[in-house]
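K.L.:
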Amino acid sequence: MAINADIFYKAALKYTQEAGQLIREKISVVNKTVEIKSCEIDLVTETDQQVEKLLIGNLSKEFPDHLFIGEESVANGTKCNLTDDPTWIIDPIDGTMNFVHRFPHSCISIALFINKKPEVAIIYNPIIEQLFTAKRGHGAYLNGKKIRVSGENDLSKALIVMEYGTSRDVEKLKVVAANQDMLMSQVHGIRALGSAALDIAMVAMGAADAYFEFGIHIWDIAAGELMVTEAGGVIMDPSGGPIDRLSRRILVASSNSLAKQLSEKLIQYYPTPTD
Ligand code: LIP
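Residue numbering for the sequence shown is 1088 to 1362, as defined by our numbering.
#1: Can you grab the Cα-Cα spacing for the pair LYS1113 / VAL1187, in whole Å?
#2: Quick check on this structure: which residue in LYS1222, GLU1312, LEU1218, ASP1181 has the alpha carbon closest to the alpha carbon of LEU1229?
#3: Under three-state DSSP, which class holds THR1103?
#4: Going straight from the alpha carbon of PRO1205 to that of THR1120, what length do you get?
#5: In the structure shown, what three-state DSSP assignment does TYR1228 receive?
#6: Given a threshold of 16 other Cβ atoms within 10 Å of its Cβ, counted over all protein chains shown, does ASN1202 qualify as buried or as exposed?
#7: In chain order, what residues of the same chain lie with their CB nearer than 7 angstroms to the CB of VAL1117, ignoring the 5 residues before and after it?
#8: Of all the options SER1125, ILE1128, THR1359, GLU1133, which has the alpha carbon lying nearest to the alpha carbon of GLU1258?
#9: Please classify SER1334: does DSSP put it in a helix, a strand, or coil?
#10: Can you give me the Cβ contacts of THR1220 inside the same chain, cut-off strictly under 6 angstroms, excluding the 5 residues immediately before and after it?
#11: Have a look at TRP1306 and PHE1155 and give me their C-alpha separation to the nearest angstrom.
#12: Going along the chain, which residues of its own chain have a beta-carbon closer than 7 angstroms to the beta-carbon of ASN1240, five neighbours each way excluded?
#13: Taking the C-alpha atoms as reference points, what is the distance between GLY1224 and GLY1311?
#14: For THR1183, is the beta carbon positioned less than 6 angstroms from some heavy atom of ligand 1?
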């Protein structure tokens, strides 16, 4: 039976724009109150908690039978389990470290999965007003304008996005640095925005050609998956195999050929559930 995503999309858009107001109000606060999560560079602020509460509170009222996977709810002990049931996957502030530093690249990332497939996705940076939206089968948009990936298929002409992440694990940092060194002399350039959702959105809009990371969580990439595929791009495991959304590993690219070239060169890292 075809899913009428419009109702879900309209509700998600309304509450995401409302939550965006909270972020706009709080970003300029100089000494924000932060709590440390898994390590001293994995932080959470009051605003992360407030945005997640606002989204889950309102969406669960409108759709009482829907389930939720939220970054902060999972941090507080809720199970992270994707079933066939309608499930909203939420990162209230993707790019929390940026938010803490007032670096204007943070966003709300929200996606609705039904039968383990993304149907609706929104990535909203309320600070510089970038609203990325997608509905399955209806394309991807930035501020209402249709977006497409670059289609780049030559690694030597590619702009690559990669991140260091929130882990101080020595082995992981060695692999990230080695990949950066290896790529530096072979591509047009390397960038890091500090937000997986915005990194993927850059590929979806054709502003970058590929992004990969080890150590992200399903809430960092859930909306980005539909955004980049509706914009004509590809998503997979960094080794070139199919994506496993709970593996904490991702590669997206503007073409299959570019993804293949990149995955064949990458030094692989397999995060444990806790690192
Ligand atoms: C962030 C990710 C980013 C990663 C950071 C952090 P958060 O998510 O979006 O890609 O490099 O370490 O995990 O914690 O800001 O929601």
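No residue lacks a Cβ here, since even glycine has one placed at the ideal position from N, Cα and C.
P.N.:
Taking the structure as given:
#1: 10 angstroms
#2: LEU1218
#3: helix
#4: 34 angstroms
#5: Three-state result, TYR1228: strand.
#6: exposed
#7: none
#8: Checking every option, the nearest Cα to that of GLU1258 belongs to THR1359.
#9: coil
#10: Correct list, in chain order: ILE1209, TYR1228.
#11: 11 angstroms
#12: SER1342, SER1344, LEU1345
#13: Computed Cα separation, rounded: 15 angstroms.
#14: Checking the Cβ of THR1183 against ligand 1 gives yes.
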